[in-house]
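Read the structure below first, then the notes.
Chains as they are written, first to last, in my numbering: chain A, 1374 to 1546; chain B, 995 to 1526.
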């Protein structure tokens, strides 16, 4: 991931590090529990959500529901995706991959059910939204975490990648 | 000076304590989360076990036995191949080429429409459709085409059907084992009685008969001849109603003194304003035979055509809401609570919306009283509002609602504890039961989504009459009901909606009709077998 736009190693102040790590852990907590709650509920299925999908992905969502095998795969990916991404963010494991994966997942949720004018959903939102909703904000926060990684300072990545990150740091300092 | 953080300050292999602390710094937070998840699981499990310990055994709906019906091959005749007759014959495994084509196209257009798949996945019932009788040539020909259509569960049919002009000619054929009757109600009793006397087993569409006396006569004949008789209340096959039955039988609702059942429809089709086939005329319809048992006779013409295709709108041929829709609701409650025939019935209503020349009401309510069971059954129906109310069993300890909870609970049921319950008082006080939330919900196939589209189809789906579930697999209750009848013939047993419960249905409906027409409360005298 060592491209120019996103340096592998950054220097943070205490407060910056605390803020970014806290954000990472909280988002991880949220995604992890969303995943685990689905895993624990034998009746959970994304079908009801998918049937409510509007806008450009409505047709795709309905064809997923129509095919029980595909629906099963989507359910599986959802449950385990959320769980593993959440766990990775919390533990700081492959932190930047997890940030990107979480961002993609949240953007899928956003674009499947965007709060655009004129779109009516059968299930109510838990707040009031126009164009921007919490999925979009959380996806954006994960982008921030991707640009400002912390898992190599606070997290398992620090222990795992301590050797290969060494030269990069030398270059930067 | 502020300390600056970068990654991996330690070098080489010396993994000091500080390094490990930073690497695992967030692990305790994960621990806190999982600790809380475990607490929540425990709490949920406790709640569930507290409820389910005396709430219904969790066993599944009965499995459908074997994919091929065992035993002898049976030959069937169909008498009356209108809309319902076609559905019943599909339930036996025969669809017209037009239906198959349309259903397949619908499935293509709307991937959620499972009508075609559900038909093709039906069990092969090991039967042939060999006799067809319909007074309208177009429908008779359609039935003949269905009998040889190879697109069906089980493949190429063994035999082709023959058309009979009159049902008596069909009954005279010794090769026919059993008949399905789906004529208008005014023909039911005569055909059932003649069929039973000819030794044919009978599946008859509801309502069982048009009049009270006909019901008594049918009951006596079926008993006397010992044929296997099934009345067409396919709700008997619906697993959520079986679940409801367990709940009531185990006394989980406490004493139930009031049950309210409802019908809501709001479309011309739902109000029996059915299409008049442009091919229907003097030459294609045997009008004289059609109206033979009807009290009022009229010459063939525009009015006759209307009556032929929209017969449910007149008492000459049926009993309107009473026999068409109240009969379903009554039988469902009879299935759940084993009510039997009511002692008193009073009914009222009127023709308020469809002032189209019909003589049956479009708003209709009936009160059925069971003094020996301390129970009143209330029925309320309208054909001009789709407000979906469901059926409610009001118990002292809990209320059970079937249907009426919106699409997400299609033909499921919900049990909610009553805040003043005696049975659940301790659990309500200790917080184990929250009366704002259901203590039991049952939504079969909740992981499966139905593309039930039209308002009337949704109405039936909410009543559990379109689809039911067996081990999570979607089944058409009509197919299961036909199968139950055929299996009963082969095993020489009584099917689920036999003549005993059939008589209850007929008595309840005819008492309601009688009360509506005479404007007085009527009473059933079981000794004299009369309505007084």
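Yeah, the Cβ is synthetic: ideal placement off N, Cα and C, and Gly gets one too.
The structure presented is a predicted model; accordingly, all values stated were derived computationally and were not measured.
Rounded separation between residue i and residue j - CA only
i: residue 1528/A; j: residue 1026/B; result: 16 Å
i: residue 1494/B; j: residue 1518/B; result: 16 Å
i: residue 1055/B; j: residue 1211/B; result: With a pLDDT of 46 at residue 1055/B, under the threshold of 50, the predicted position of this residue should be treated as unreliable, and no value is reported.
i: residue 1165/B; j: residue 1189/B; result: 6 Å
i: residue 1393/A; j: residue 1523/A; result: 7 Å
i: residue 1466/A; j: residue 1530/A; result: 5 Å
i: residue 1059/B; j: residue 1029/B; result: With a pLDDT of only 46 at residue 1059/B, under 50, the local geometry of the prediction cannot be trusted, and no value is derived from it.
i: residue 1478/B; j: residue 1489/B; result: 6 Å
i: residue 1086/B; j: residue 1121/B; result: 8 Å
i: residue 1505/A; j: residue 1132/B; result: 59 Å
i: residue 1110/B; j: residue 1040/B; result: 43 Å
i: residue 1115/B; j: residue 1354/B; result: 39 Å
i: residue 1271/B; j: residue 1476/A; result: 58 Å
i: residue 1183/B; j: residue 1279/B; result: 22 Å
i: residue 1236/B; j: residue 1332/B; result: 12 Å
i: residue 1468/B; j: residue 1438/A; result: 15 Å
i: residue 1262/B; j: residue 1359/B; result: 20 Å
i: residue 1229/B; j: residue 1330/B; result: 11 Å
i: residue 1177/B; j: residue 1075/B; result: 8 Å
i: residue 1186/B; j: residue 1475/B; result: 18 Å
i: residue 1527/B; j: residue 1342/B; result: Any question about residue 1527/B goes unanswered here, given that chain B covers just 995 to 1526.
i: residue 1515/A; j: residue 1033/B; result: 29 Å
i: residue 1432/B; j: residue 1384/B; result: 16 Å
Proximity test, Cβ basis, 8 Å: residue i and chain A
i: residue 1024/B; result: yes
i: residue 1114/B; result: no
i: residue 1035/B; result: yes
i: residue 1031/B; result: yes
i: residue 1105/B; result: yes
i: residue 1027/B; result: yes
i: residue 1016/B; result: yes
i: residue 1013/B; result: yes
i: residue 1429/B; result: no
i: residue 1099/B; result: no
i: residue 1010/B; result: no
i: residue 1020/B; result: yes
Segment limits, beta strand (DSSP E) that includes residue i
i: residue 1360/B; result: 1357-1364
i: residue 1518/B; result: 1516-1519
i: residue 1388/B; result: 1385-1389
i: residue 1224/B; result: 1223-1225
i: residue 1533/A; result: Segment 1529-1533 is the alpha helix (DSSP H) holding residue 1533/A; no beta strand (DSSP E) there.
i: residue 1395/B; result: 1392-1396
i: residue 1195/B; result: 1195-1198
Terminal residues of the alpha helix (DSSP H) in which residue i lies
i: residue 1328/B; result: 1321-1331
i: residue 1520/A; result: 1507-1520
i: residue 1504/B; result: 1493-1512
i: residue 1375/B; result: Residue 1375/B -> not in any alpha helix (DSSP H); beta strand (DSSP E) instead, spanning 1369-1376.
Short CB-CB distance (under 8 Å) between residue i and chain B
i: residue 1455/A; result: no
Buried versus exposed call for residue i [16 or more other C-beta atoms within 10 Å across all chains shown]
i: residue 1035/B; result: exposed
i: residue 1492/A; result: exposed
i: residue 1285/B; result: buried
i: residue 1507/B; result: buried
i: residue 1442/A; result: exposed
i: residue 1200/B; result: buried
i: residue 1149/B; result: exposed
i: residue 1349/B; result: exposed
i: residue 1014/B; result: exposed
i: residue 1436/B; result: buried
i: residue 1526/B; result: exposed
i: residue 1103/B; result: exposed
i: residue 1243/B; result: exposed
i: residue 1372/A; result: Examination of residue 1372/A is not possible in this model, given that chain A is present from 1374 through 1546 alone.
Test: residue i CB closer than 8 Å to a CB of chain C
i: residue 1439/A; result: In summary, chain C is missing from the structure at hand, where the protein chains are A and B.
Residue i beta carbon near the ligand SAM (any heavy atom closer than 7 Å)
i: residue 1516/A; result: Among the components modelled here there is no ligand, and therefore nothing to report on the ligand SAM.
Just by C-beta distance, which residues in the region 1460-1474 of chain A are closer than 8 Å to chain B? 1460, 1463, 1464, 1465
At a CB distance below 7 Å, what residues from the region 1503-1534 of chain A approach chain B? Give them in sequence order. 1525, 1526, 1527, 1528, 1529, 1531, 1532
Residues of the region 1356-1371 of chain B with Cβ closer than 7 Å to any Cβ of chain A, in chain order: none
Give, in chain order, every residue of the region 1398-1414 of chain A whose Cβ lies closer than 7 Å to some Cβ of chain B. 1398, 1402, 1405, 1406, 1409, 1413
Cβ-based contacts, 9 Å cut-off: residues of the region 1417-1439 of chain A near chain B: 1417, 1418, 1420, 1421, 1423, 1424, 1435, 1436, 1438, 1439
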